[in-house]
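Just so you know, we're using the UniProt record's numbering here: the sequence shown kicks off at 1 and counts up by one. Inspection log for the structure reproduced underneath, given as structure tokens.
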Amino acid sequence: MGEDLGLRERKKLRTRQALITAALDLFMEKGYEQTTVSEIAAAADVSTRTFFSYFASKEDVVFHDSREGLDRALRTMAEAAPGERAADVLGRVIADGYAALDVDDQVRRGIVPTNRLTMTVPSLRARGLLLLFDGQRELAEALHRACPDELTLVEASAAVGAVVGGAKLATFVAMNQGASPEETLRAGRQAVEFALAGLRARIPHPETAAP
1 MGEDLGLRER
11 KKLRTRQALI
21 TAALDLFMEK
31 GYEQTTVSEI
41 AAAADVSTRT
51 FFSYFASKED
61 VVFHDSREGL
71 DRALRTMAEA
81 APGERAADVL
91 GRVIADGYAA
101 LDVDDQVRRG
111 IVPTNRLTMT
121 VPSLRARGLL
131 LLFDGQRELA
141 EALHRACPDE
151 LTLVEASAAV
161 GAVVGGAKLA
171 TFVAMNQGAS
181 PEETLRAGRQ
191 AVEFALAGLR
201 ARIPHPETAA
211 P
């Protein structure tokens, strides 16, 4: 029974990924508005009913991994050691996120089309901004809980905004310059390091702070 469950779960994951890949390919080829759910299902060799058992709408396909990535980041923040510096917590959160991308080639290849869709389709841009705002708010609250003696909630919000917002903007700029998925991710990493360096300089480690 356990083996059967494992096979079923793997089949579900393959079907889900096939729908995501088919949808993104069609969106880039035909346009988001011009692509129908029926066409996505057909390209993935499943029924329209099967599509709706995985996703409630086309929008949900575009943002398929947003909640998963946020939940992973929140778990990492919740595991912060007492007294751990905010810059180190944020650095670990971002490193874990990029590590997940490094081992998932399909997700990494989807970064450029997903970002391009989010920037060019008004309905997706609106939802993307809402998800970004809500996600940063949750992360700021979690960072404040992890480092209450180091940052106020306002300061935690600024730190998260600088790191996450900087990474997002850098990836968009790189993508617009024709960067590959790997180069786009590299630009995001560089922006993160820049923002974290500023946070470390703003709040130095107690052992290195001047008396």
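Built from N, CA and C at the ideal position, the CB exists for glycine as well.
Each residue's CA atom was taken as its position, placing Asp71 and Ala78 some 10 angstroms apart.
Ala174 has its alpha-carbon roughly 21 angstroms from the corresponding atom of Asp25. Exclusion of the five residues before and after Thr184 leaves Ile111, Val112, Thr171, Ala174 and Met175 as the residues of its chain whose Cβ lies within less than 7 angstroms of its Cβ. A distance of 8 angstroms or more separates the beta carbons of Gly97 and Gln136. By the Cβ neighbour-count rule, Thr114 is buried, with 16 or more other Cβ atoms within 10 Å of its own. Every alpha helix (DSSP H) stretch that sits fully inside the region 53–85 and reaches 4 residues is listed by chain position as 58–62 and 66–78. The C-alpha of Ala73 lies about 25 angstroms from the C-alpha of Thr21.
Contact between Ala159 and Leu90 holds, since their C-beta atoms are separated by about 6 angstroms, short of 8 angstroms. Residue ranges of uninterrupted alpha helix (DSSP H) with 4 or more members, entirely inside the region 98–144 and ordered along the chain, are 105–109 and 111–120. Taking Thr15 as reference, the option from Glu29, Ser47 and Asp88 with the minimal CA-CA separation is Ser47.
Here DSSP, grouped into helix, strand and coil, assigns Gln17 to helix.
Relative to Ala41, the option among Tyr54, Ala187 and Lys30 whose CA is nearest is Tyr54.
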